[in-house]
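Asks: Before anything else, here's the structure in question.
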Amino acid sequence: APYKMKKKYKGLKIAGITTAMLVVLAGCVYGAGTYYFSNKFFVGTSINGIDCSQMTASEVENMIARKVENYSIEVKARDQEPQIIEGSSIDYQYVPDGAVDKLLDKQKPYKWVQGFFKDTTYTAEENISYDKQKLKDQMMSLNCAKEENQVAPANAYVAFQDNQFVIVPETEGSKLEIKKAYQTLKDAVADSVNEVDFSAQPVYQKAEVTQDDPNLAKTLEECNNYTKASITYTFGDQTETLDANTIKDWLQFDENGQVINDEAAFRQKITEYVAGLAQRHDTLGTNRTITATSGRTVTVGGGEYGWQINQSAEVEQLYSEITTGQTVTREPNYSSYGRVHGENDIGNTYIEVDLSAQHMYFYQDGSIIFDSEFVSGNMSYSDRATPTGVYSLYYKKSPDVLRGKKLPDGSYEYESPVTYWMPFCGGVGFHDANWRSSFGGDIYLTNGSHGCINLPPAKAAELYNIIDTGIPILMFY
């Protein structure tokens, strides 16, 4: 039994010594590791994608520098093949600034064992140096920056295509804004990026007008109104239509087919059209040839009767109708009216005043319903002769007082009370003349009126009862 106890004690002693030796050995290994990693990165450490296990800060910086030596950046751009800018062409290099040392200092050397069980990843700002002017020179030598490849963007516009107006979208173009492009490239190089795509960056000139521009939509609406508008003019039984077939030719387009929004020019086209309407249809002051009651053929020109389009008012209304796309049928705006339309705008109801015969006739629907002798303006005075021409009755009034020119003392050259007054040409008109005992013949040559048509009182009353405003009155010698 004592032998067994002695043997057991000896075994325990050996085990203790062994354990102590292992502890001492482990301590030595741990201490050696702590010392070893006091200036080296732990196993499993990477910086900026470089495996830095067991490397000193200097070794890591050398690795970063070697990586930088091979730096290049690929530049992509619109409508061009990618091009490479080599780091060597811009003196691209890594300049140590202590960033790696700081990362090493953050390590706790006594924790070196952790590196065998987990990876540690760091990102250190690489202090890069390059020649900015050389970078700019390299960029300007790229195809995308060359002048011949600078295509300016084109604005969206309204054009007439396939019988309708449409918005043609803007085009991007390929014209760089050099300062913005250089800044984008410079930022990429400073971050050691290996690729930059200008087409994905706001470095190109943009169109000022895009297809969703509200003003463009308004222009499209206006232009489409031009094709919708249809104005049919009526001239008695005749019609004349203005529609898109004519209106579209009034619009102006540039070399790209874009509508030129020139209101003044468009209004001028409308003005010219209305002037053409007036030229074709106005009859005011034109010559009318008739067969007089006496049987002779007479041409009567001038006067105040006939159709006359009010051109300024018509231009304004037509401009409004066209630009709002209206479809209307109407008469033009008139400043003077006739009784009927057509070549014979007098029709079959009119008054014929034969100044040579000193006799007048009232035709209604082609039949004489009234006639009378009269005395017209005194031919002995140049300012009293009754005017010729075609006129129409202004109004009629009963009774009235006819007055001559007002004299300096406030009185009038003459004052003649009349029972029936029917003016048609300024101060000239039909009226009764109870101071005369005879009418017709040659009285007017030496003893005529101041220009009016003097009628026997009974005839004046008869005419007054059947005449109406607007009746054409033909005055001729």
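Quick note on the working numbering: the sequence shown kicks off at 9 and runs consecutively. Beta carbons are placed, not taken as given, at the ideal position from N, Cα and C, and that holds for glycine.
#1: Given a cut-off of 8 Å on the beta-carbon distance, is the pair Ser200 and Glu94 in contact?
#2: Cβ atoms of Tyr389 and Met430: under 8 Å apart, would you say?
#3: Would you kindly report the start and end of the unbroken beta strand (DSSP E) that includes Val336?
#4: Going by DSSP in three states, Phe438 sits in which element: helix, strand or coil?
#5: Which runs of the beta strand (DSSP E) spanning at least 3 residues fall entirely within the segment 124–173, listed in chain order?
#6: For the putative contact between Tyr402 and Met483, defined by C-beta atoms under 8 Å, what is the C-beta separation to the nearest angstrom?
#7: Is Val398 near the ligand FAD, judged by its Cβ being under 7 Å from some heavy atom?
#8: Near Val166, which residues of its chain fall below 8 Å by C-beta distance, leaving aside the five closest residues on each side in sequence?
#9: Starting from the N-terminal side, write out each stretch of the alpha helix (DSSP H) that is 4 residues or longer and does not extend beyond the segment 62–99.
#10: Three or more C-beta pairs closer than 8 Å, one from the segment 183–198 and one from the segment 112–129: is that the case here?
#11: For the beta strand (DSSP E) holding Ile461, just list the boundary residues, first then last.
#12: Helix, strand or coil: how does DSSP classify His289 here?
#13: So, with DSSP's three-state summary, where would you put Lys236?
#14: Would you tell me roughly how many angstroms separate the C-alpha atoms of Thr297 and Thr307, rounded to the nearest one?
#15: Given Ile475, which residues of its chain have a CB within under 8 Å of its CB, disregarding the five upstream and five downstream residues?
#16: Near Asn341, which residues of its chain fall below 7 Å by C-beta distance, leaving aside the five closest residues on each side in sequence?
#17: Report yes or no: do three or more beta-carbon pairs, one from the segment 201–215 and one from the segment 184–193, lie closer than 8 Å?
#18: Across which residues does DSSP place Glu423 in a beta bridge pair?
#19: By alpha-carbon positions, which one of Glu185, Phe206, Asp440 and Asp362 ends up nearest to Arg304?
#20: DSSP on Ile481, reduced to helix/strand/coil?
#21: By alpha-carbon positions, which one of Ile479, Cys36 and Phe45 ends up nearest to Phe432?
#22: According to the neighbour-count rule (16 or more other Cβ atoms, all chains shown, within 10 Å of its Cβ), is Met63 buried or exposed?
#23: Quick check: what's the CA-CA separation for Ser97 versus Lys140?
#24: Give the DSSP bridge partners of Arg296, in chain order.
#25: By a C-beta neighbour count over all protein chains shown, 10 Å radius and 16 as the cutoff for buried, is Pro464 buried or exposed?
#26: Taking 8 Å as the threshold (C-beta atoms), are Ile330 and Ile255 in contact?
#27: Who are Cys36's beta bridge partners in DSSP?
Replies: Reading it off the structure:
#1: Position 192 of the sequence shown, counted from the first residue, corresponds to residue 200. Position 86 of the sequence shown, counted from the first residue, corresponds to residue 94. Note that the C-beta distance between Ser200 and Glu94 is not below 8 Å.
#2: As a working note, residue 430 is residue 422 in the sequence shown. As a working note, residue 389 is residue 381 in the sequence shown. No, these two residues do not count as a Cβ contact at 8 Å.
#3: For this step, residue 336 is matched to residue 328 along the sequence shown. For Val336, the uninterrupted beta strand (DSSP E) segment begins and ends at Thr335 to Arg338.
#4: Within the sequence shown, the letter at position 430 stands for residue 438. Phe438: strand per DSSP, three-state reduction.
#5: 128–130 and 165–169
#6: Here residue 402 is taken as the residue at index 394 of the sequence shown, counted from 1. Here residue 483 is taken as the residue at index 475 of the sequence shown, counted from 1. No, Tyr402 and Met483 are not in contact; Cβ-Cβ is about 15 Å, not under 8 Å.
#7: What this structure holds is no ligand at all, so the ligand FAD is not there to describe.
#8: Position 158 of the sequence shown, counted from the start, is the residue given in the question as residue 166. Answer for Val166: Phe173, Val174, Ile175, Val176, Leu224, Thr227, Leu228, Cys231, Gln266 and Val267, listed in chain order.
#9: 65–77
#10: Output reads no: the segment 112–129 does not touch the segment 183–198.
#11: Counted from its first residue, the sequence shown places residue 461 at position 453. Start and end: Ile461 to Leu463.
#12: Position 281 of the sequence shown, counting from 1, holds the residue named residue 289. Three-state result, His289: helix.
#13: Indexing the sequence shown from 1 puts residue 236 at position 228. Looking at Lys236 - three-state DSSP - the assignment turns out to be helix.
#14: In the sequence shown, the residue the question calls residue 297 occupies position 289. In the sequence shown, the residue the question calls residue 307 occupies position 299. Each residue's Cα considered, the two are about 4 Å apart.
#15: One-based indexing of the sequence shown puts residue 475 at position 467. Here the set comprises Ile359, Phe370, Leu401, Lys404, Met430 and Phe438.
#16: Mapped onto the sequence shown, residue 341 falls at position 333. Sequence-distant partners of Asn341 (beyond 5 residues in either direction) whose C-beta falls short of 7 Å from its own C-beta, in its chain, are Ile317, Asn318, Ala321, Glu322 and Gln325.
#17: yes
#18: For the purposes of this step, residue 423 is taken as residue 415 along the sequence shown, with counting starting at 1. Note: Glu423 sits in a beta bridge opposite Arg411.
#19: Looking up residue 304 in the sequence shown gives position 296. When each option's Cα is compared against that of Arg304, the closest is Asp362.
#20: Numbered from 1 along the sequence shown, position 473 holds the residue referred to as residue 481. Reduced to three states, the DSSP call for Ile481 is strand.
#21: For this step, residue 432 is matched to residue 424 along the sequence shown. Comparing Cα positions, the closest option is Ile479.
#22: The residue labelled residue 63 in the question sits at position 55 within the sequence shown. That one is buried.
#23: Position 89 of the sequence shown, counting from 1, holds the residue named residue 97. Position 132 of the sequence shown, counting from 1, holds the residue named residue 140. Each residue's alpha carbon lies about 11 Å from the other.
#24: Residue numbering aside, residue 296 sits at position 288 when the sequence shown is read from its first letter. Beta-bridge analysis with DSSP links Arg296 to Val308.
#25: Mapped onto the sequence shown, residue 464 falls at position 456. Burial call: buried.
#26: The count along the sequence shown starts at 1 and reaches residue 255 at position 247. The count along the sequence shown starts at 1 and reaches residue 330 at position 322. Their beta carbons are under 8 Å apart, which means Ile255 touches Ile330 by this criterion.
#27: For the purposes of this step, residue 36 is taken as the residue at position 28 of the sequence shown. None, per the DSSP bridge assignment.
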